[in-house]
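These notes concern the structure reproduced below.
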Amino acid sequence: MITTGVDLAAQPARTAVAVVAWGADGAELTTLRLDNTDADVVRLAQGSAQVGIDCAFGWPDEFVAYVSAHTRGEPPHPDLRGIAGRRRLAYRETDRVVQSLTGRLPLSVSTDRLGLTAMRCADLLAAFADAGDDVDRSGATGRLVEVYPAAALRTWRVDVTGYKTDAATRAAATASLLDAAPWLTVSPEQHALMAASDDPFDAVVAALIARAHAVRATHPVPPARTAQARREGWIALPATPLTDLDPTRTVASTPG
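According to our numbering, the sequence shown is numbered sequentially starting from 26.
In structure tokens form, the structure reads like this:
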């Protein structure tokens, strides 16, 4: 099996792609690079069984309806007024589920710093569709799945606190991740790239989450939320320890 991880940014310069090849004797990071266009991402993902993309695949349903109503000149629904209503507009159902499972609330795609990146993600999903992929934002079908490295690392109990802003902490985080996954072969150059920038680091984690999703080791979408997840997107959160991704072991299916 081959999996690809994408740490998407608004511009190609900070968009990182990681490709991992999985075999009976272990896994190998075969590709790790920065500065990728949409066409680069689609090309590098060729042959992958699963592609994990670190970006929101859609916007909250209520936010979309709210903006549409505002465009038509209609007043906000009473339930969406005030701070409680604005919180509902800011977060998707999958964001609230991730918070309940990990204690960590993802950034808001509608109100925080993700807007331009989410717009690029919509373009990227369209590029995959143009290349023949089945784009299912819920991740239930097709190769593409939304991932959230920080929440996955918390689930796997890999301490990477502060890795996005501090070089020394990022070097320690890289060592912690690779110590927790001794079956993953990484070259010295790739190790250095992960320690130098959080973008390649997150791309590697995204490729690991893609593997977890491929072997059914992530929390499934609740059946009652399937239609909503296909509109808003759904974060694939690991449901088993990182050790279960060791390709020399048998991976259990996700409970529930």
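For each residue, glycine too, the CB sits at the ideal point set by N, CA and C. Note that the structure is predicted; figures quoted are calculated from it, not measured.
In whole angstroms, what separates the C-alpha of alanine 205 from that of serine 135?
-> Distance between the alpha carbons of alanine 205 and serine 135 is about 34 Å.
Cβ shell of proline 263 (< 7 Å), same chain only, five flanking positions each side left out | Hits under 7 Å: Ala177, Thr180, Trp181, Ile234, Ala237, Ala242, Thr243.
Given that a residue counts as buried once 16 or more other Cβ atoms are within 10 Å of its Cβ, and exposed if not, what is methionine 144?
-> By the neighbour-count rule (16 or more Cβ atoms within 10 Å), methionine 144 is not buried but exposed.
Output the residue ranges of the beta strand (DSSP E) runs that lie fully inside the region 87-140 and measure 3 residues or longer, sorted by chain position.
-> Positions of the beta strand (DSSP E) runs, each at least 3 residues long and wholly inside the region 87-140, cannot be given because no such run exists.
Name the one or two DSSP bridge partners that arginine 182 has.
-> DSSP, once it has assigned bridges, lists no residue as partnering arginine 182.
Could you tell me if glutamine 71 is buried or exposed, where buried requires 16 or more neighbouring beta carbons within 10 angstroms of its beta carbon?
-> With fewer than 16 Cβ atoms within 10 Å of its Cβ, glutamine 71 is classed as exposed.
Cα-Cα separation, alanine 46 to arginine 117 = Each residue's alpha carbon lies about 32 Å from the other.
Is the region 265-274 in contact with the region 189-209, if contact means three or more CB pairs nearer than 8 Å?
-> Using a C-beta cut-off of 8 Å, the region 265-274 makes contact with the region 189-209, since at least three inter-stretch Cβ pairs fall below that distance.
Between threonine 268 and chain B, is there a C-beta pair that is closer than 8 Å?
-> The structure shown contains no chain B; it is built from a single protein chain.
Just reading off the beta strand (DSSP E) that valine 211 is part of, what are its end residues?
-> Membership of valine 211 in any beta strand (DSSP E) is not indicated, and neither H nor E is assigned to it by DSSP.
Do aspartate 148 and glutamate 257 have their CB atoms nearer than 8 Å?
-> No, these two residues do not count as a Cβ contact at 8 Å.
Whose C-alpha, out of Gly140, Glu214, Asp184, Ala217, is nearest the C-alpha of phenylalanine 88?
-> The shortest Cα separation from phenylalanine 88 among Gly140, Glu214, Asp184, Ala217 belongs to Gly140.
For arginine 162, which residues from the same chain have a beta carbon less than 6 Å from its beta carbon, with the 5 sequence-adjacent residues on both sides left out?
-> Hits under 6 Å: Phe82, Gly83, Arg255, Gly258.
Touching by the beta-carbon criterion (3+ pairs, under 8 Å), the region 191-201 and the region 102-116 = They do not touch, by the three-pair rule.
Identify whether aspartate 224 lies in helix, strand or coil by the three-state DSSP scheme.
-> If DSSP states are grouped into helix, strand and coil, aspartate 224 belongs with the helices.
Could you give the C-beta distance for aspartate 32 and alanine 41, rounded to a whole number, given that I count them as a contact under 8 Å?
-> Contact between aspartate 32 and alanine 41 holds, since their C-beta atoms are separated by about 4 Å, short of 8 Å.
For the region 159-173 against the region 214-226, are there 3 or more C-beta pairs whose distance is under 8 Å?
-> With a cut-off of 8 Å, the region 214-226 and the region 159-173 do not count as touching, because too few Cβ pairs lie within range.
Could you tell me which residues DSSP pairs with glutamate 53 in its beta bridges?
-> Paired residues: Ala46, Thr210.
Buried or exposed: which applies to glycine 98, given that a residue is buried once 16 or more other Cβ atoms fall within 10 Å of its Cβ?
-> So glycine 98 counts as exposed.
Residue ranges of each beta strand (DSSP E) within the region 52-84, 3 or longer | You should have 75-79.
Find out if the Cβ-Cβ distance for the pair alanine 232, glycine 77 is shorter than 8 Å.
-> For alanine 232 and glycine 77, yes; Cβs fall inside 8 Å.
Nearest to threonine 175 (by Cα), restricted to the options Asp191, Arg195, Asp155, Pro131 | Reading off the sequence, residue 175 comes out as alanine, not threonine. The candidate whose alpha carbon is nearest that of alanine 175 is Pro131.
For glycine 187, collect the residues of the same chain with a Cβ closer than 7 Å to its Cβ; drop the 5 residues on either side in sequence, then sort them by chain order.
-> Contacts found: Thr194.
Beta-bridge partners of alanine 249, as assigned by DSSP | Paired residues: none, contrary to the question.
Rank Asp184, Val172, Arg250, Asp223 by C-alpha distance to the C-alpha of alanine 239 and give the top, closest one.
-> Selected option, being the one with the closest Cα: Val172.
Would leucine 54 pass as a contact of valine 183 if the rule is Cβ separation under 8 Å?
-> Contact: no.
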